[in-house]
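Contents: one structure, followed by commentary.
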Amino acid sequence: MSLVIDRKHWIQPYGPSSSFKPYDEEEDHISAIMNKAQAVGWYGVLSLLLLKGYNVLSKSTNDIPTTTIQWSTRLGPVLGLNVTSDNGSSFQFKGIPFAKPPIGDLRFRKPEVPNAWSGILNCTTYMDACMQSGTHVSEDCLYLNVFVPNSLDASAKRAVMVWIHGGSFISGSGSGTDGSALALHGDVIVVTINYRLNIFGFFTTGDNSATGNYGLWDQMLALQWVKNNIGDFGGDTTRITIIGESAGGASVGMLAIIPQNRGLFQRVIAESGSCVGPRDSGVESMKVFARVVNELGCSSNSSVSTVTCLRRQSAGQLGIAFYTAFIHVQNASFTILSALGPTIDGELFIKDFEAILTDHNSDAMKFFRDLDLLTGLNSAESGLFYFDLLRHQKVFPKFNFTVAILANIPYNNVIPTLVRQLYDNCDAIFTSIADKYVEPVTSGDAEDQTSSVSNLYADVNYNSPAFRSLDAHIGASTKTYQYLFSHEPRWGLVRPRPLWLHGANHADELPFVFGLNEFYPSNILKDDDELAISRRVMTYWTNFAKSGNPNGNDSDLLEWPQYTLPNKSFLNISVTDSVGHALWADRMEFWNKDVPSQLRRCRATSGVSSLMTIDMLISVTLKKDLSAQSLTSSYKHGVSEKTLKHCLLLELIIRISLTMESVQYIGMIFVMVHSMTATNTHPDGVITTTYGAIQGKVVTVRNESVYQFLKVPFAKPPLGNLRFQKPERPDSWNGTRNAVHYGPPCMQRLLTRYKNILEDSTVSEDCLYLNVYVPGRIDVNANLSVMVYIHGGGYKTKTASLFDGSFLAQSGNVIVIIPNYRLGFFGFLSTEDEAAKGNYGLWDQIFCLRWVQENIKFFGGNPAKVTMFGHSAGGYSIGLLLLSAETKDLFRRAIPMSGFGLSPRAITHKPRMATIRLATKLGCIPTGWDSTDMSILTDCMRNKTAHELLDGQNKIVAEDSSSPHFIMRPAPVIDKEILMDTPHRIMYNPDSDGSRRYVSADYMTGTNSADGGLIRSYLKVIQTRYNFTLSDGAPTIALCDSIAPALARDYYASSVRIANAICASYTSDGTLADQARRLVNLFGDMMYDSRTVQTLRRHILGNPRSFQFILSHKSSFVTTPGLPPWLTGAYHGDELAYIFGQASHNFSSSERDLSAAMMTYLTNFAKFGNPNGDNSTSTSLPVWPQFEQEQEQYMDFDLNLTIRDHLHRNMVKFWLETVPALNKTGDGAVSMATMSRPLLWSQLLSCFVLVLNLKI
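Note that this note's numbering has the sequence shown beginning at 2, numbered continuously upward.
Spelled out as structure tokens, the structure:
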């Protein structure tokens, strides 16, 4: 019988396992000297997990089928586990020593190869983590864990992935990650390792007594063990990949520039970490170590004596002294640098990491470029900024960093520290950073400021260093790949998550790399989308480990192109992966090109005066405090921080002239003032966009200038083979494009009254243009909010040039954009299969939004502050785009008006049949046609002229007008791309991407009091049948015998109960005019008012920024010709005259005020997410309350603005509660087809009874 070694006895000669004070949940402490806030601020991810009570070690195998297995290695036999899971069977060998315990005289020394063992080594449980705060820690910690998939076979030659954990070089453990899921998924061997941390791993005296970097030496010895021994487990020693995240990512980056490692590994995967990241090197560590030495009484003139003294301390004493010193150094002031980490030791690294990356002839860079590299970032790495700021909460007691980070924080703290620590106090760099990240948002809202500040943090610490590593690597014969992980997961390692953080936080990708089921807590639901992301990530990663190519031979994966110049391609990993190019190009060029260039100039000229100097002068000379508290009062009076500084500088000039009489000094300040007030304007109206230069024109609106750029292409002309296809990016052009005339309307039957007012009324398929309206002069630094208007017209008619955005732009100081989009069958033909998926008009709108993201900055717009607003079919469109993951990050706010995604008319029914009808009209149905092959029809229709296609559409419209029907055809469809399901199912599934997208946007919505007047077009059709004249009104029989059954037919499967309920609820006992008004109410309640309430009720569950309005004022001028005299209130579309402030309307004085109020409210919402503006907004308008669950308040836009509540409460309840209940119960054998006409007395009796029931 073989002896199985008991590990507890084996390590006993070196003393029992050490630990700090255990985590006491009641005291909320993580160690003897760290409270919760300190732990979160200084300790990193592991602290967060411990504080939350999560078990950071791999999940217990107690409940998983497990057996033991003995295996022979060249070092001796080992006893491991055979673990069976849903993923398969894995073999796990835990706690294999790769070095001697680094205790006693081996503390602060390079690791040594361990002694061999006799007997069987028990490798069924993890060993302790290296010394850190928490329990189950020990100095005896240099062990690794091996995970083998499927079968143990020494000849298997599987690729090997060695995981190096993160944790700021202070915390973490190899046993914190179960590698079995990754191993099984990719059929690779996964190895996880421990390495010494904090003072135990990185103490240095700066000389040979203690050179430091022991944690890196541990990693190197672990890799040597893998190289020597992994073959015994079936590993291929020629295919070893090192992989790490955060400090682990920095570690693998550093290991990749150490030439001694040549042959130990062939590939590198660095996640959110780089060898040149400022947080990952121990530049400030000597400050910490000096305090430790003093604290423990080990100060000496001899560094040898100091090290000897420290070796005599217990592990607990040394750990507590380290954390006390570390906290003091980190807490002294805001810092960019880490107070602990790898250092330039003269052995592993003979010069700093930046210098190594730029020396392409060095052995270090030759080694680096001989390795395959896959590296990337998460879209919201700045989540860690929140924890850095918590340390300084006392300095800013009035700020809640969970909600926002205002711009004065970087201006007064972050940027000065950054420039001091990294850039030699170069004043020019301070100015550049402030101009880049602070000045553009000082007058913006808290969300803008937070976004810009968080970008600054991420760009400095993670993003730009990663790009420097990538750029240094490319050009070799090896492979280079970049990714961006942008999916915001259900659960993340770094918690709590501040409210302002959007996207993938630091470390959010880790569960997806190692398998959600193994990583997510058991109470967190794993949905199909996230499981699919995890499978794809594991496939990409393991493919790379096997061959250096993440694509492998898997045809199901999106092809991931290499990162090369000039494209700089990357894979964006989310629910739907995509390939992008030149990620954050402008910001990365700033940090990796502009800033180094400025630093070289600064060092050459010893620096010049700057904003830092000026701010210091203002503060000292004038005793002014530029903190947020003093600035707040100025903001409230409409003065921006920039303007305030200008005023203070002028005052400074005057005071200095009186006291110092220094002409030279005053001249210097005047130069500074000029540089601060200079703007990048385009007085000639020429703008250079992504695709080429355009020449606009200037018009005068209310004595102020507005620039108009008309007929700007945002997509290729959708002609020929591009008909019935998604739009494509427009071609670039040479020279300057004339943008002073409106473009043509898209193909449609244009009404005569529209033809009479359009500059170009010739309809065309070449119509994908937009119009841009910019107030005042064009200043690329203006950072204006942007409003994109989507016109209505039943998806069949109207055009962008019917609407002049100049008045709205001038009134609200916003940029207005109005695009065309394809209409009718040109925009919405669908075969419900791959032949023609449909929704091309919606794709046009999405392409317009993408154009805005790419180009609006050139016009002075802020791509992060885009609001969509639209009327009728434009409102439907916005409502649908709000439910689509395709529009994520394309717009922040939405104002759908008299059209909503949940409206029954938003999407169409049976589009395939409509397509066949059109094909029949065009002679595109061949003899013997196989109805399963719709491509024959679409190919034929692509070969028809645009006017032939339009004629076919017009014939169908004429046929359908002979009887009342309510379904919009053609219209948007469920295409499984833009819309993954019905709007209702998407919205009410809180776990869907569409639902999350919906609540992520701020939401304002409203209706007109007579929106339902559109029913007059249906009443016209049935006048003759029921013998009435529409100008007089309509009879009840038209409601109960025609309209109600038609609505039930189109939307409720011909439900008799629902038809009867509609009849009963909207019957009038009065005149024909009264009944006609009830019919208007019916259509308005069903299609518009109930839907606006429904969407708001859902929205407020995820976003309180929700506002409702109704326009009830009947205009004194004609808005729509031919309306019957009995129609009262605001007709469908009346709000547009007031919102666009159209000069052609003869407003009364009161109506002019109403128009001004509406424009103010809407543009405030676009700018701030609040129609009332922000604290700096001065207005006499009534405060518009948010829509809330109890009161459901809304703004009534009449000549007297009034706040009301519960719009049409009873009828909203009818449509949102009564009708769905009736629809759910069904009608049994009764159908609408069995009803005879005219209405039977029995049916009238049924209606009468239902009326009584409804009134009770």
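Ideal placement from N, C-alpha and C gives every residue a C-beta, glycine not left out. The structure displayed is predicted, hence computed values, not measured ones.
Among the options, the one whose alpha carbon lies nearest that of residue i
{"i": "residue 846", "options": "403, 864, 792, 599", "result": "792"}
{"i": "residue 592", "options": "1042, 788, 459", "result": "459"}
{"i": "residue 481", "options": "436, 900, 275, 376", "result": "376"}
{"i": "residue 761", "options": "1036, 744, 252", "result": "744"}
{"i": "residue 716", "options": "900, 849, 1081, 362", "result": "849"}
{"i": "residue 783", "options": "987, 914, 505, 440", "result": "440"}
{"i": "residue 885", "options": "165, 582, 1002", "result": "1002"}
{"i": "residue 485", "options": "205, 495, 382, 520", "result": "382"}
Distance, residue j Cα to residue i Cα
{"i": "residue 470", "j": "residue 737", "result": "39 Å"}
{"i": "residue 1123", "j": "residue 1044", "result": "22 Å"}
{"i": "residue 720", "j": "residue 1051", "result": "34 Å"}
{"i": "residue 766", "j": "residue 883", "result": "27 Å"}
{"i": "residue 170", "j": "residue 199", "result": "6 Å"}
{"i": "residue 874", "j": "residue 728", "result": "20 Å"}
{"i": "residue 763", "j": "residue 755", "result": "11 Å"}
{"i": "residue 1", "j": "residue 769", "result": "Nothing can be reported for residue 1, as the shown portion of the chain is limited to 2 through 1257."}
{"i": "residue 878", "j": "residue 857", "result": "22 Å"}
{"i": "residue 402", "j": "residue 155", "result": "54 Å"}
{"i": "residue 310", "j": "residue 210", "result": "12 Å"}
{"i": "residue 563", "j": "residue 801", "result": "41 Å"}
{"i": "residue 1037", "j": "residue 805", "result": "42 Å"}
{"i": "residue 1032", "j": "residue 1195", "result": "32 Å"}
{"i": "residue 860", "j": "residue 277", "result": "36 Å"}
{"i": "residue 852", "j": "residue 726", "result": "18 Å"}
{"i": "residue 429", "j": "residue 605", "result": "13 Å"}
{"i": "residue 1198", "j": "residue 1181", "result": "15 Å"}
{"i": "residue 1103", "j": "residue 141", "result": "49 Å"}
{"i": "residue 318", "j": "residue 578", "result": "50 Å"}
{"i": "residue 1086", "j": "residue 1212", "result": "7 Å"}
{"i": "residue 1224", "j": "residue 963", "result": "28 Å"}
{"i": "residue 1078", "j": "residue 1092", "result": "20 Å"}
{"i": "residue 522", "j": "residue 960", "result": "60 Å"}
Nearest-angstrom Cβ-Cβ length linking residue i and residue j, presumed shorter than 8 Å
{"i": "residue 528", "j": "residue 540", "result": "About 19 Å; that fails the 8 Å criterion."}
{"i": "residue 136", "j": "residue 95", "result": "Rounded, the Cβ-Cβ distance is 18 Å, inconsistent with contact."}
{"i": "residue 1084", "j": "residue 1015", "result": "6 Å"}
{"i": "residue 368", "j": "residue 260", "result": "5 Å"}
{"i": "residue 1112", "j": "residue 944", "result": "With 8 Å as the limit, residue 1112 and residue 944 do not qualify as a contact, their Cβ atoms being about 46 Å apart."}
{"i": "residue 898", "j": "residue 1006", "result": "7 Å"}
{"i": "residue 1094", "j": "residue 1208", "result": "6 Å"}
{"i": "residue 258", "j": "residue 365", "result": "4 Å"}
Residues sharing a beta bridge with residue i, DSSP
{"i": "residue 272", "result": "246, 377"}
{"i": "residue 694", "result": "689, 737"}
{"i": "residue 1195", "result": "1205"}
{"i": "residue 571", "result": "581"}
{"i": "residue 1027", "result": "Residue 1027 pairs with nothing; no bridge assigned."}
{"i": "residue 1014", "result": "Residue 1014 is not bridged to any residue."}
{"i": "residue 705", "result": "702"}
{"i": "residue 846", "result": "Per DSSP, none; premise fails for residue 846."}
Contact test: residue i Cβ vs the ligand ADP heavy atom, cutoff 8 Å
{"i": "residue 911", "result": "Ligands in the displayed structure: none, and consequently the ligand ADP is not present."}
Note to self: My parser needs the alpha helix (DSSP H) runs of 4 or more residues fully inside the stretch 278-337; what are they?
What the structure shows: 286-296, 304-313, 316-333
### Message
I'd like the ranges of any alpha helix (DSSP H) spanning at least 4 consecutive residues and lying wholly in the stretch 355-405.
### Response
364-370, 384-391
Completely contained beta strand (DSSP E) runs for the stretch 128-160, where each covers 3 or more residues
144-150
### Message
Please give me, in chain order, every unbroken run of the beta strand (DSSP E) with length at least 3 that falls completely inside the stretch 464-541.
### Response
481-486
In chain order, which alpha helix (DSSP H) runs of at least 4 residues are fully inside the stretch 960-1003?
-> 984-988, 994-1001
Practice task
Let me know the beta strand (DSSP E) ranges lying completely inside the stretch 173-244, each 3 residues or longer, listed in chain order.
Solution key: 190-194
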